[in-house]
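Visitor: Chains as they are written, first to last, in the working numbering: chain L, 79 to 420; chain H, 1147 to 1412; chain X, 89 to 345.
My questions all concern the structure below.
Okay, structure coming up:
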């Protein structure tokens, strides 16, 4: 742990402009940032309500620059480069990798437990009923994603190897295209690709409940650049508060919320309403329980999920090494959640 | 003494009948050649001189078949020229050799195109004639400028044309090489009795190489005079030096030069 | 050049050593983390690791072999088709009028733009990857061949015509060899572009190839593998280029003379 901390500091010091920026931020300790860069994904989640209604801008008291990202890994890179302050609804796999690598970001909150939101869709006509049926089949998933992690977990828990099953690295749009040509037998992916596959000859092959019990929990998280956390703690709390407000609105007025989300995501209100139901959005209060992030001084179970995710990535050779549990606990900062939900 | 009296062959071996060439259209049109009439006999060595833009290259290109006259026609042995053909060999100022072929392959290119059986023998004959036989396996870029031009001549002659058209073939050579090439060309002409049309900037070259000097003037390109010369036929006995000091040679040269100077003044 | 000046090879060697020293200096001092810039030893051990255990289910040589096969197939088909098309475009005006707009349109198009279309049309197997590389090589080769034909010295064509060459013979013996230097230069250019497109092609349903490996390893900053992959791809690319250059010098020995 100590080595990681020192090296991290070394990076900040050594990376020229980035280091200077971080140091300047640390010294300034201004109450409100002048500009905030948020990396996000266009998706059907309550986060889109706060974005669409301008609540996030109001909360951080600055104009937010929204940048659409291609993956959680991209958010990691952008935060490391200092060009992104907040990663909104980034995947837990990318965050586990980031913390394991000592990247300058901290976990401040969750959006959802993905649960059945990402699931294996198989071609109904392929007759895939048991894990053994998957031998010799082609499955696609975006590599490095939470879906990829789940799919690898599915293979591992069923004693299938990547020699038995061909796992292909494809973006959701490419999965859609390959599916329509009948070239893949299944895909582990999220909506809208998931919905499209289901609508065109696909059926769900339920894996999520068993995998969750086996420790393959995946979630969408809110991460913040460490320098930003240090400089603008109030903005961080307020940002979470704005998300909490959006979540409340979704609970109280789901139709109104779906309409706003639909407009932001560019889908119909009915699609938005249906998609919203797929995720298990966790209230700020629940996030503070031991089951998830825990409270200040009382780390929750989610740090263990991140640790086991990182260990899995090491076994996959996606990252070199993973630190001990406390590194993940220390990178999880719950005081902002506590303040936002108070 | 006229060329016709030296060799009494029919004068219409080659005929230009009212040949005009106009480049472009409308106001930017250029009359490169205006109603040129010219005919000469087989075995003649016709030298064409004149200032730049007088249409001498244009005239030759209509005979080579690279250029179609706007009006009038050109014929060889009574046959109207419709395009390029192997009976009319051409040598350009730049040798225009094929650098991807050996010296021997360049020389034998014409006969090989026609599938002749004696390609190698013919190439050897002509390469020996121009003194390039020992360089047969080299590539053109390994030869000097003079050697390259000799190869171009050998290539044209190897095609066994009835007439050899040369457009300032020695223009790019240094004075010494040029003189040697003139003698070599002349020796070939004397031996084969080939008909040659030779464009040059050098009046002196024209007067001692040609059996007839055709003088052209520019804007529009016209034939202004034809002067029969006897030195070409006599050079074998007298040699170049003797010819160049002959008073009649000097007089003829001055006459052609004054013709050209007059054009500059108008 | 003055007498004191170093020979070219010494300058090259010095520059390489300087970069290496800088690399070692920056990385060994702990100034930069290995995630961002792995040191030479990191890269070396990463390479060893890849050699010993492969990458995600395939040996390193399998990855290299897959990539080279794709590059070779895409380059050969693209350069051959492009050259044939370009020769026809240069020699026959109607062909040029017909094909030019498509070639000019295709040339600057980023390959990623039609990635999904290729998958829809051709699937996720090798055919779509190779087609992408084919499409990358085609326009460059076609334009090089066309320009090569257009730049053939007109006197050479006339000389051949005056020796009795038919239009086909002119093409066969003068135009085609005359355009060869530009065709081969175009081929080298095409090889470079194909090589540069490899990563884009291997995005298609990847799990094999050096391009995909670099991409996948880069996702979570597995920089030692990324650098090892870049090293491999760089050296192989340099080798391919030198091979083509050597071939060019042998085949068109007359060029530029």
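Where a beta carbon is used, it is the ideal one built from N, C-alpha and C, also for glycine.
Treat the numbers as computed from the prediction; the structure is a model and nothing was measured.
1) Closer than 8 Å, Cβ to Cβ, to anything on chain X: give me those residues from the stretch 1253 to 1267 of chain H, in chain order.
2) Can you list, in chain order, the residues of its chain whose CB lies under 8 Å from that of residue 327(L), leaving out five sequence neighbours each side?
3) With burial defined as no fewer than 16 other Cβ atoms inside 10 Å of the residue's Cβ, what is the status of residue 1170(H): buried or exposed?
4) Tell me, please, whether the CB atom of residue 1212(H) is closer than 8 Å to any CB atom in chain X?
5) Less than 8 Å between the C-beta atoms of residue 1296(H) and residue 1311(H), yes or no?
6) Verify whether the separation of the beta carbon atoms of residue 1259(H) and residue 257(X) is less than 8 Å.
7) Residues of chain X with a CB under 7 Å from the CB of residue 242(L): which are they?
8) Would you say residue 1238(H) reaches chain X, if we count a Cβ-Cβ gap shorter than 8 Å as a contact?
9) Helix, strand or coil: how does DSSP classify residue 1129(H) here?
10) Within 10 Å of its beta-carbon, does residue 261(X) have 16 or more other beta-carbons around it, so buried, or fewer, so exposed?
11) Assuming contact is defined by CB atoms lying nearer than 8 Å, are residue 379(L) and residue 403(L) in contact in what I supplied?
12) Roughly how many angstroms lie between the CA atoms of residue 1152(H) and residue 1375(H), to the nearest whole one?
13) Taking 8 Å as the CB-CB limit, is residue 222(L) close to chain X?
14) Which residues in the same chain have their Cβ closer than 7 Å to the Cβ of residue 122(L), if we skip the five residues on either side of it in sequence?
15) In chain order, what residues of the same chain lie with their CB nearer than 7 Å to the CB of residue 222(X), ignoring the 5 residues before and after it?
16) If the cut-off is 9 Å on Cβ atoms, which residues from the stretch 255 to 267 of chain X count as contacting chain H, listed in chain order?
17) DSSP three-state call for residue 184(L): helix, strand or coil?
18) To the nearest angstrom, report how far apart residue 1361(H) and residue 1325(H) are at their CA atoms.
19) In whole angstroms, what separates the C-alpha of residue 1205(H) from that of residue 1191(H)?
20) In the structure shown, what three-state DSSP assignment does residue 89(L) receive?
21) Express the C-alpha separation of residue 178(X) and residue 1194(H) in angstroms, rounding to a whole number.
22) What does DSSP give as the partner residues of residue 46(L) in its beta bridges?
23) Would you list, in sequence order, the uninterrupted beta strand (DSSP E) runs of no fewer than 3 residues that lie entirely inside the stretch 1172 to 1207 of chain H?
24) What residue does the beta strand (DSSP E) around residue 300(L) start on, and which one ends it?
25) For residue 102(X), collect the residues of the same chain with a Cβ closer than 8 Å to its Cβ; drop the 5 residues on either side in sequence, then sort them by chain order.
26) Quick one: which chain L residues come within Cβ less than 9 Å of residue 204(X)?
27) For a contact defined as C-beta to C-beta under 9 Å, what are the partners of residue 503(L) on chain X?
28) May I ask you to verify whether the stretch 297 to 317 of chain L touches the stretch 179 to 186 of chain L, counting CB pairs closer than 8 Å and requiring at least 3?
29) Go ahead and pull the three-state DSSP assignment for residue 1248(H).
30) Which residues in the same chain have their Cβ closer than 6 Å to the Cβ of residue 202(L), if we skip the five residues on either side of it in sequence?
31) Just checking, does the stretch 190 to 201 of chain L make contact with the stretch 303 to 321 of chain L on the three C-beta pairs under 8 Å criterion?
32) For a minimum of 4 consecutive residues, which ranges assigned as the alpha helix (DSSP H) are wholly contained in the stretch 110 to 197 of chain X?
33) Under 8 Å Cβ-Cβ, which residues of chain H neighbour residue 342(X)?
34) Please tell me whether residue 46(X) and residue 1230(H) are closer than 8 Å, where the distance is taken between their beta carbons.
35) In three-state DSSP terms, what is residue 1276(H)?
36) Does any CB atom of chain X fall closer than 8 Å to the CB of residue 1232(H)?
Guide: This is what the structure gives:
1) Answer in chain order: 1255, 1256, 1259, 1260.
2) Non-local C-beta neighbours of residue 327(L) in its own chain, meaning closer than 8 Å and more than five positions away in sequence, comprise 124, 127, 334, 335, ordered along the chain.
3) Exposed.
4) The Cβ of residue 1212(H) sits closer than 8 Å to at least one Cβ of chain X.
5) Against a cut-off of 8 Å, the Cβ pair of residue 1311(H) and residue 1296(H) comes out as no contact.
6) Yes, they are a contact pair.
7) Residues of chain X passing the Cβ test: none, with the nearest at roughly 11 Å.
8) At least one chain X Cβ lies under 8 Å of residue 1238(H).
9) Absent from the structure is residue 1129(H), since the part of chain H shown begins at 1147 and ends at 1412.
10) Here residue 261(X) is buried: its Cβ has 16 or more other Cβ atoms, across all protein chains shown, within 10 Å.
11) In this structure, residue 379(L) sits away from residue 403(L), with a CB-CB distance that is not shorter than 8 Å.
12) Low confidence applies to residue 1152(H): its pLDDT is 43, below 50, so where it sits in the model is not reliable, and the reading given next is rough at best. Distance between the alpha carbons of residue 1152(H) and residue 1375(H) is about 10 Å.
13) Any Cβ of chain X closer than 8 Å to the Cβ of residue 222(L) would place that residue at the interface, and such an atom is present.
14) For residue 122(L), where only same-chain residues beyond five positions count, the Cβ hits under 7 Å are 339, 343, 345, 350, 353, 354.
15) Result list for residue 222(X): 162, 165, 166, in chain order.
16) The residues in question are 257, 261, 262, 265, 266.
17) Look at residue 184(L) here: in three-state DSSP terms it is strand.
18) Approximately 22 Å between the Cα atoms of the pair.
19) Between residue 1205(H) and residue 1191(H), the C-alpha separation is close to 16 Å.
20) Summary for residue 89(L): the model assigns pLDDT 41, below 50, so the residue's position carries little reliability, and this model does not support an answer.
21) As the crow flies, the alpha-carbon of residue 1194(H) is around 36 Å from that of residue 178(X).
22) Examination of residue 46(L) is not possible in this model, given that chain L is present from 79 through 420 alone.
23) Residue ranges of uninterrupted beta strand (DSSP E) with 3 or more members, entirely inside the stretch 1172 to 1207 of chain H and ordered along the chain, are 1176 to 1186, 1191 to 1195.
24) Its beta strand (DSSP E) spans residues 297 to 303.
25) So the list reads 94, once near-sequence residues are dropped.
26) Those within 9 Å of residue 204(X) in chain L are 249, 251, 252, 254, 255.
27) Outside the displayed range of chain L (79 to 420) lies residue 503(L), so it cannot be described from this structure.
28) Note that the stretch 297 to 317 of chain L touches the stretch 179 to 186 of chain L; at least 3 beta-carbon pairs, one per stretch, sit closer than 8 Å.
29) Correct three-state label for residue 1248(H): coil.
30) Correct list, in chain order: 279, 281.
31) The stretch 303 to 321 of chain L and the stretch 190 to 201 of chain L do not touch, with fewer than three beta-carbon pairs separated by less than 8 Å.
32) The qualifying runs are 128 to 141, 148 to 179, 181 to 194.
33) Those within 8 Å of residue 342(X) in chain H are 1245, 1246, 1285, 1286, 1287.
34) Chain X is shown from 89 up to 345; residue 46(X) falls before or after that span and cannot be answered.
35) DSSP places residue 1276(H) in coil when its eight states are reduced to three.
36) By this cut-off, residue 1232(H) is an interface position.
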